[in-house]
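Below is one structure, written out as structure tokens, with a few remarks after it.
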Amino acid sequence: MKKRFIFIPLAILIVIAGVLIWACELRHPFGMGLSAELLEGLGPYMSESGGPGYKGDISAQTTNTYITKSTKVMVFPLKEGNDYYRIPTLVQLSNGDLLAFADKRIGSIGDLPNKIEVVYKRSKDNGRTWSAQQLVSPKCTSIENSYGDAAFILDRKTGNIICVVASGPGFKQSTPNKPIRISVIKSKNNGETWEQPVDITSQIYGSACKEPVRKTWHAAFTSSGNGVQLRNGRMLFVLNVRENREWNAKLFRNYVMYSDDGGDTWNVSKNYPVHSDGSGGNEAKIVELNDGTLLMAARPGGVFQRYLAKSTDNGETWGTAEPRKDLPSSSSNGDIIYYTSTNNGWDKNRLITMFDTVPYSVSPPAKPYLFYSYDDGNTWRKIMIENGQAGYSSLAILNDGSIGILAEIGGAWNGPIYFMRLNMKYITGGKDSGPFKVKQK
1 MKKRFIFIPL AILIVIAGVL IWACELRHPF GMGLSAELLE GLGPYMSESG
51 GPGYKGDISA QTTNTYITKS TKVMVFPLKE GNDYYRIPTL VQLSNGDLLA
101 FADKRIGSIG DLPNKIEVVY KRSKDNGRTW SAQQLVSPKC TSIENSYGDA
151 AFILDRKTGN IICVVASGPG FKQSTPNKPI RISVIKSKNN GETWEQPVDI
201 TSQIYGSACK EPVRKTWHAA FTSSGNGVQL RNGRMLFVLN VRENREWNAK
251 LFRNYVMYSD DGGDTWNVSK NYPVHSDGSG GNEAKIVELN DGTLLMAARP
301 GGVFQRYLAK STDNGETWGT AEPRKDLPSS SSNGDIIYYT STNNGWDKNR
351 LITMFDTVPY SVSPPAKPYL FYSYDDGNTW RKIMIENGQA GYSSLAILND
401 GSIGILAEIG GAWNGPIYFM RLNMKYITGG KDSGPFKVKQ K
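Structural data, given as structure tokens:
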């Protein structure tokens with residue numbers, strides 16, 4: 001009888017251990033990566049410890065990943081019936097799924113005011129195949145209830161997907177009394193379902209805003225694509241702001257909106273990067289560097305070069321934005337990611353940005369280029385990844401450590417939207433076969 005009582009607790013312990021192992025396998029289907037991620041529950045990406053960028057394992061298959069016509073997959077067509085597709089964003093989830101987002105523009109390819117829905121497709125095999133499209137925003141029935149120019153962050157602390165969208169009047173038509181609306185849409189189950197939009201416009205700007213300067217702003221929207229979450233958990237999106245009624249691109253500003261509570265409440269930076277040549281701001285992205293400095297890379301507002309600016313206080317204030325001759329760029333939205341950090345045990349720091357490089361208005365048409373840096377953006381090298389026209393683009397580090405691209409390719413800004421997957425060996429023409437883990441002393 002006593003032996004039976006001994007076996008019962010032992011059996012319970014075995015069952016509990018089995019459940020824990022099963023749960024870990026579900027959360028890390030591509031391997032555990034570093035043990036710190038299991039403790040923090042964040043997956044193989046940036047955490048409060050170590051450096052920015054990827055922290056998981058690089059699969060053996062990744063070293064032979066190249067862009068070819070057979071691996072370039074069209075995710076969204078340029079046009080399907082009366083619907084047009086633009087504005088790509090690529091998001092890697094911690095469960096292994098990959099989400100591709102786009103604007104579905106109904107009856108016209110134009111920006112707001114227009115009938116627009118935010119849609120997405122899901123891939124469970126690293127982008128080889130994609131599901132049928134589903135809605136993020138509510139179904140559009142009129143211009144007044146359209147949502148577009150979506151920007152995303154995957155909250156690594158909760159697993160929630162934070163989507164920020166614009167609605168209502170366009171950037172030119174917006175006024176303090178009738179502003180472009182800024183709303184947050186969340187998913188708490190890996191994009192299976194999406195909550196109703198929550199209007200946060202009054203937290204940012206417009207006549208209902210309590211901040212006396214921002215309540216007089218005429219227009220604002222977030223740069224579409226990926227926002228950034230810092231190692232301390234703060235979420236940031238770059239705003240494109242028209243402060244007054246004057247329609248002058250030299251007066252557009254790149255303020256930053258940020259949240260420290262998972263996207264429920266939002267604040268705005270104290271200033272914006274002043275362009276050294278007197279040009280204005282435009283769509284821009286932020287990345288956190290090894291030392292915690294933030295780097296903003298902005299779409300050209302003056303010369304056809306990317307503008308870079310830095311913040312040393314988590315985005316509250318910004319230094320001067322300087323055009324970079326080694327980052328020639330058309331006036332188009334792009335993306336930037338911190339790929340690997342020596343602080344996480346990798347052999348090199350790797351910073352990667354993508355955009356189209358030849359001015360859109362000249363011949364030959366703009367082509368998609370990747371630029372990469374080993375010194376946190378002080379110097380850059382480049383590679384053309386497609387010999388065709390290009391538009392907006394989005395980057396993501398996939399769960400196997402390869403680099404995913406979702407971009408408008410083939411018809412300038414008019415799509416279609418393709419997915420591609422590559423590695424450093426391809427990007428550098430064989431000069432960099434990494435990343436490699438370095439043995440710790």
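With full-length UniProt numbering, letter number 159 in the sequence shown gets 159, and the count goes up by one each step, no holes. Think of the CB as a built atom: it goes at the ideal place given N, C-alpha and C, for glycine as much as any other residue. As the structure is a computational prediction, the values presented were derived from the model and not from experiment.
How should residue i be labelled, buried or exposed, when 16 other C-beta atoms within 10 angstroms of its C-beta is the threshold for buried?
i: N378; result: exposed
i: Q229; result: buried
i: E283; result: buried
i: K431; result: exposed
i: T193; result: exposed
i: V438; result: exposed
i: Q389; result: buried
i: Q92; result: buried
i: residue 443; result: Because the chain in this structure spans residues 1 to 441, residue 443 falls outside the shown range and cannot be described.
i: D103; result: buried
i: R128; result: exposed
i: T357; result: buried
i: G278; result: exposed
i: Q203; result: buried
i: G110; result: exposed
i: N333; result: buried
i: A219; result: buried
i: N254; result: buried
i: W346; result: buried
Does the separation of the CB atoms of residue i and residue j fall below 7 Å?
i: I87; j: Y392; result: yes
i: N290; j: N232; result: no
i: T89; j: F171; result: no
i: S373; j: G51; result: no
i: F237; j: D149; result: no
i: D335; j: L395; result: yes
i: T216; j: K270; result: no
i: G280; j: L327; result: no
i: S187; j: I180; result: no
Tell me the rounded alpha-carbon separation between residue i and residue j.
i: I162; j: D155; result: 7 Å
i: P77; j: V118; result: 15 Å
i: R122; j: W130; result: 5 Å
i: S137; j: G53; result: 30 Å
i: F101; j: V184; result: 15 Å
i: A36; j: F436; result: With a pLDDT of 29 at A36, under the threshold of 50, the modelled position of that residue is not reliable, and no figure is offered here.
i: I106; j: Y272; result: 34 Å
i: F371; j: L308; result: 14 Å
i: residue 449; j: I200; result: No information on residue 449 is available, as it lies outside the stretch 1 to 441 that the chain covers here.
i: Y369; j: I383; result: 6 Å
i: V303; j: I385; result: 23 Å
i: S330; j: A366; result: 7 Å
i: R421; j: D125; result: 12 Å
i: V274; j: K210; result: 25 Å
i: Y147; j: N95; result: 27 Å
task: Please list the segments of the beta strand (DSSP E) lying wholly inside the segment 236 to 281, counting only runs of 3 or more residues, in order along the chain.
output: 256 to 259
Contact between the segment 308 to 327 and the segment 391 to 411 (3+ Cβ pairs under 8 Å): When Cβ pairs closer than 8 Å are counted between the two stretches, the segment 308 to 327 is seen not to touch the segment 391 to 411, the count staying below three.
- prompt: Which runs of the beta strand (DSSP E) fall wholly inside the segment 131 to 191 and span at least 3 residues, in chain order?
  reply: 148 to 154, 161 to 167, 181 to 187, all fully within the segment 131 to 191.
At least three beta-carbon pairs within less than 8 Å, the segment 342 to 352 to the segment 320 to 329: no
query: For the 8 Å Cβ check, are there 3 or more pairs between the segment 158 to 172 and the segment 109 to 117?
result: The segment 158 to 172 and the segment 109 to 117 touch, with no fewer than 3 CB-CB distances between them shorter than 8 Å.
- request: Could you tell me which uninterrupted alpha helix (DSSP H) segments, each at least 4 residues in length, are contained entirely in the segment 310 to 372, listed from first to last along the chain?
  value: Qualifying alpha helix (DSSP H) stretches: none in this window.
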